[in-house]
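Participant:
Number of protein chains: 2
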Amino acid sequence: MKLYHTQIAPNARRARIFIAEKGLLENLELITVKLGDGEHKSADFLAKNPYATVPVLELDDGSFITESHSISRYFESLSSGIKLFGETAKEQATIDMWQRRAELGVLFSTGQYFHHATQGIGDDRYRNNEWGLHQQSQLLLHLAIMEKQLQHNPFLAGEIYSIADITLLCSLDFALHLNLLTLNDYPKLSRWHQEVSQRPSSAA
Amino acid sequence: MKLYHTQIAPNARRARIFIAEKGLLENLELITVKLGDGEHKSADFLAKNPYATVPVLELDDGSFITESHSISRYFESLSSGIKLFGETAKEQATIDMWQRRAELGVLFSTGQYFHHATQGIGDDRYRNNEWGLHQQSQLLLHLAIMEKQLQHNPFLAGEIYSIADITLLCSLDFALHLNLLTLNDYPKLSRWHQEVSQRPSSAA
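Line by line, the protein sequences give chains U and L.
Position one of the first sequence corresponds to residue 1 (UniProt numbering), numbered consecutively onward.
Position one of the second sequence corresponds to residue 1 (UniProt numbering), numbered consecutively onward.
1) When we look at the beta-carbon of A164(U) and count the other beta-carbons within 10 Å, is it buried (16 or more) or exposed?
2) Does the beta-carbon of K148(U) have 16 or more other beta-carbons within 10 angstroms, so that it is buried, or is it exposed?
3) Taking all protein chains shown into account, do 16 or more other C-beta atoms lie within 10 angstroms of the C-beta of H194(U), making it buried, or fewer, making it exposed?
4) Are at least three pairs of beta-carbons, each pair with one atom in the segment 102-113 of chain U and one in the segment 28-35 of chain U, less than 8 Å apart?
5) Can you grab the Cα-Cα spacing for the pair E26(U) / Q99(L), in whole Å?
6) Do we get a CB-CB distance below 8 Å when we pair D96(U) with the residues of chain L?
7) Taking a Cβ distance cut-off of 7 Å, strictly less, list which residues of the segment 115-146 of chain L are near chain U, in chain order.
8) Evaluate the contact criterion for the segment 16-24 of chain U versus the segment 74-83 of chain U: three or more CB pairs, one atom per stretch, below 8 Å.
9) Would you kindly report the start and end of the unbroken alpha helix (DSSP H) that includes L143(L)?
10) Can you pull the DSSP bridge partners for Y4(L)?
11) Any C-beta of chain U sitting closer than 8 Å to the C-beta of T59(L)?
12) Indicate whether the contact test is met: 3 or more Cβ pairs, each with one atom in the segment 6-16 of chain U and one in the segment 157-175 of chain U, closer than 8 Å.
13) Do L84(U) and S190(U) have their CB atoms nearer than 8 Å?
14) When we look at the beta-carbon of E91(U) and count the other beta-carbons within 10 Å, is it buried (16 or more) or exposed?
15) Short of 7 Å in beta carbon distance, which residues of its chain neighbour K188(L), apart from the five on each side in sequence? Order them along the chain.
16) Determine the closest residue to I65(L) out of K2(L), L107(L) and H134(L), with distance taken between C-alpha atoms.
17) Compare the C-beta of Y113(L) with all C-beta atoms of chain U and state if any pair is closer than 8 Å.
18) Between P52(U) and K41(U), how many whole angstroms is the CB-CB distance? I'm expecting something under 8 Å.
19) Quick one: grab the DSSP three-state call for F114(U).
20) Does any CB atom of chain U fall closer than 8 Å to the CB of S70(L)?
21) Measure the alpha-carbon distance for V54(U) versus D173(U) and round it to whole angstroms.
22) Does the beta carbon of E195(L) come closer than 8 Å to any beta carbon on chain U?
23) Between E58(U) and the rest of its own chain, which residues show a CB-CB distance below 6 Å, the 5 nearest in sequence each way excluded?
24) So L78(U) contacts chain L; which residues on that side make the cut at Cβ distance below 8 Å?
25) So with Cβ pairs under 8 Å, would you call Y74(U) a contact of chain L?
26) Suppose contacts are defined by Cβ-Cβ distances below 8 Å. Is I95(L) in contact with A157(L) by that definition?
27) Give me the DSSP bridge partner(s) of I19(L).
28) The segment 3-31 of chain U: which residues have C-beta closer than 7 Å to a C-beta of chain L, in chain order?
29) State the Cα-Cα distance for the pair D44(L) and N129(U), rounded to the nearest angstrom.
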């Protein structure tokens with residue numbers, strides 16, 4: 001299998017961490033897509049993913065799975081070992097909910113700020129500066145909800161480390177990289193961030 | 001169990017159709033949330049869902065699952081019968097990918113148009129008219145990808161009806177309701193739309 005990715009893109013990192021947690025990252029050929037050179041918009045890459053995004057997983061039968069979440073779902077079903085999407089019906093639904101809250105809230109706000117209020121990846125896509133700046137305020141609302149959840153739970157979706165933590169870690173590190181926040185104002189998020197950052201998979 | 005919903009909201013409809021496909025809709029108490037009266041922003045509702053959205057599932061133990069997708073995941077794990085999220089690793093990943101493409105593409109574009117370029121649900125949330133109007137053009141890009149996918153597949157994620165079809169159906173009906181498009185320009189989507197609309201669950 002091949003994983004088309006870039007080292008810094010938060011969505012690619014989500015997939016790498018998930019696969020590393022499953023112990024399968026060494027089985028993959030990693031191929032870097034040069035976003036700065038517009039390689040993701042080439043005809044060759046669009047044939048792999050019409051949405052022009054990374055990551056993309058190429059299976060051995062030549063088919064493609066796009067979307068970090070869907071690629072993670074593939075490895076969850078493929079492998080035995082710990083279940084990062086949960087086991088029981090309630091656990092699976094709760095993890096899915098917090099994964100979505102981290103992704104549609106924290107990662108989305110940060111990504112929209114990056115693409116609309118900064119130079120982004122320097123491409124020619126539509127920019128709406130006011131929209132991008134508005135996402136800064138939205139990010140803070142989402143973080144307040146995460147902080148509250150982590151008051152009574154060691155991990156984002158409850159007692160166990162899950163894909164929700166992977167999404168929040170990559171989202172938060174992206175926001176920190178953009179200087180959109182400091183964790184000083186969030187003691188619970190700060191404690192959680194330190195802990196999950198120490199897992200070996202975080203370096204993936 | 002209780003499902004807090006509104007009849008017209010596309011995300012609530014996604015959950016109802018999914019539960020109807022599982023044959024479990026009669027087991028639920030349906031409770032209407034009056035969005036027009038701001039009931040979703042009341043302290044009582046925010047205690048159920050800090051994101052102030054429908055649907056919300058209340059489990060018999062008093063806990064809450066929000067997000068149409070997460071609620072569907074709960075019923076997928078809970079019930080036997082056909083798997084609307086797929087069976088094999090590849091099938092599950094492919095369905096997840098097309099579900100996300102329908103949701104993050106078609107439903108997101110339409111929802112953003114609704115909330116930013118129209119009066120939406122008449123609340124006081126931030127509006128960015130230019131952003132809303134831009135989503136019309138984005139919607140057409142996403143529909144072109146769906147049309148191409150349906151050229152060679154009976155259903156959105158391939159050979160079997162899945163949660164991806166439920167998401168696309170609710171997204172498309174929402175866009176049609178807003179007069180954002182006509183299906184005349186999309187023969188494959190039109191064929192698919194007729195077929196999935198005829199399933200009894202579509203009336204849920």
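Positions of the beta carbon are idealized from the N, C-alpha and C atoms, including for glycine.
Facilitator: Judging by the given coordinates:
1) buried
2) exposed
3) Reading off the sequence, residue 194(U) comes out as Gln, not His. The residue is exposed, with fewer than 16 neighbouring Cβ atoms inside 10 Å.
4) no
5) 29 Å
6) yes
7) Y126, N128, E130, W131, H134 and I145
8) yes
9) N129 to Q149
10) I31(L) and V56(L)
11) For clarity, residue 59(L) is Leu in the given sequence; the question names Thr instead. True, the Cβ-Cβ gap to chain U drops below 8 Å.
12) yes
13) no
14) buried
15) E147, L150 and Q151
16) K2(L)
17) no
18) The question names Pro, but residue 52(U) is Ala in the sequence shown. That pair is a contact at about 5 Å.
19) helix
20) yes
21) 18 Å
22) no
23) K2 and F64
24) A89
25) yes
26) yes
27) Paired residues: none, contrary to the question.
28) none
29) 35 Å
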